[in-house]
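In the numbering used here, the protein residues as written are 559 to 651.
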């Protein structure tokens, strides 16, 4: 590893792509993004509908998840998992 490389030792985005059998590219279809995220395409579409997963619309039926948005989503999910559950959420339940 290059000493000047400031990337974390484990790239969660690349690991997710590898596990899903996908290659690095500029954009992904919703089914491809779902595969990288380990969820069904229906769940990924729901996240798009809810505004949780960003897409680029290329027409009435053509929607793409940009690599940078997929990477941000995956990294945010890993950061949230590393922090664990929110203790304050238990107090308000």
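Positions of the beta carbon are idealized from the N, C-alpha and C atoms, including for glycine.
| Item | Value |
| --- | --- |
| Contact check, residue 611 vs residue 602, beta carbons under 8 Å | yes |
| Status (buried if at least 16 other CB within 10 Å, exposed otherwise) for residue 595 | buried |
| Residues that residue 585 bridges to, as DSSP identifies them | 624 |
| N- and C-terminal bounds of the alpha helix (DSSP H) containing residue 603 | 599-607 |
| Close-in-space but distant-in-sequence residues of the same chain around residue 623 (CB under 6 Å, 5 per side omitted) | 586, 591, 613 |
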